[in-house]
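With the numbering used here applied, the sequence shown corresponds to residues 3 to 312, in that order.
To start, the structure itself, in structure tokens.
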Amino acid sequence: MTKNPELSIVLPCYNESEAVDSFFKKIVPILDGLALSYEIVCVNDGSKDDTLNKLIKIKETVPQLRIVDFSKNFGKDAAMSAGLDFATGQCVIPMDCDLQDPPELIPKMVKIWKSQNVEVVLAKREDRSDDSLAKRLTAWLFYKSFNQFSDLEIPENVGDFRLMDRKVVDVVKSFHERKRFMKGLFALAGFKTACVGYKRPIRAEGQSKWNYWKLWNYALDGITSFSTFPLKLSTYFGLLVTTLAFLRGIWILIRTLIFGIDVPGYASLMTAILFFGGVQLISLGIIGEYVGRIYLETKRRPLYVVRQVL
3 MTKNPELSIV LPCYNESEAV DSFFKKIVPI LDGLALSYEI VCVNDGSKDD
53 TLNKLIKIKE TVPQLRIVDF SKNFGKDAAM SAGLDFATGQ CVIPMDCDLQ
103 DPPELIPKMV KIWKSQNVEV VLAKREDRSD DSLAKRLTAW LFYKSFNQFS
153 DLEIPENVGD FRLMDRKVVD VVKSFHERKR FMKGLFALAG FKTACVGYKR
203 PIRAEGQSKW NYWKLWNYAL DGITSFSTFP LKLSTYFGLL VTTLAFLRGI
253 WILIRTLIFG IDVPGYASLM TAILFFGGVQ LISLGIIGEY VGRIYLETKR
303 RPLYVVRQVL
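Here you go:
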């Protein structure tokens, strides 16, 4: 394997024993046809299946493969960060091994990087018709909310699959936060960017590790990592409620003292108490989310622990 290859492929793997064989059968001929030196950095993210053993066996026939084995599962973003740390190529492409990030797109991305004087080449999904209506709607809502309320703008329908020049990778590596939202960190790095469209195929092997609950928490991590708008929203809502309560208090006072009209309303009072109690709990939850992030960051624990490098 070349010491400083021109291209590095970063591959986070978690319980992907069913997919890795198909992935390498597809990607190795494509990379061999590029006429450039390359490496494939696979990060085994504490897989509980046979992923590591399969990667070790593949390494016997693919000397360009490097295996970074975690001591436990640290999550995809930590695995991707480790892959960027260990990658030595002049350009780096992170991707998934389920073949939903098509390896056939790599030659085009490399060509654009070399010919158009750009540091980033994004792979953008042109069609989401295969996704469910709920998934399309939630994805649209997330991108719109994030871009509206944060200081960054992340391109819609673009995942982690992209080509990054070495200078971009070095900037991303300089970000040290523990709670990581990689799409935001990539956008924060900036640099000249080109885009190539593609239609995402269905997953070739295995099952997705993401469900709606995990996606919801991932979106929450993204928004709270790059925006303080949720905190401001609580403030704005509190000001609005205070103003309305003050005006209603004046109205009740006028009706009682001037017009002598009694103001009953036990049911409405209980409804108001429960409603504003819920609002207070939500506001405390938002504050707790940010305080929890500060707490985790101050501990300065390592992002990941490497068991071995093969």
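For every residue, glycine included, the Cβ atom is placed at its ideal position computed from N, Cα and C.
Item                                                                                                         : Value
Whole-Å CB distance - I58 paired with L312, under 8 Å assumed                                                : 6 Å
Own chain partners of R68 with C-beta closer than 8 Å, once the 5 adjacent residues on each side are dropped : M3, E41, I42, V43, C44, F88, V311, L312
Identity of the residues DSSP links to T195 by a beta bridge                                                 : V122
Cβ contact (3+ pairs, closer than 8 Å) linking the segment 32-40 and the segment 70-82                       : no
Test item: CB-CB of L86 and V171 under 8 Å                                                                   : yes
Cα-Cα separation, R168 to I204                                                                               : 31 Å
Best match in S24, K50, R138 for proximity to E128 [C-alpha to C-alpha]                                      : R138
8 Å Cβ shell around C15 - same chain, five flanking residues per side excluded                               : V22, C44, V45, N46, D47, S49, T53, L57, A81, C99
Nearest-angstrom Cβ-Cβ length linking L190 and C93, presumed shorter than 8 Å                                : 19 Å between Cβ atoms; not a contact.
Same chain only: Cβ atoms within 7 Å of K28, ignoring 5 sequence neighbours per side                         : L101, P105
Whole-number beta carbon distance between I11 and I95, since they are thought to touch under 8 Å             : 5 Å
Alpha carbon of G77 to alpha carbon of R303, nearest angstrom                                                : 15 Å
Rounded distance between the beta-carbons of D103 and F183, thought under 8 Å                                : The Cβ separation is near 19 Å, so there is no contact.
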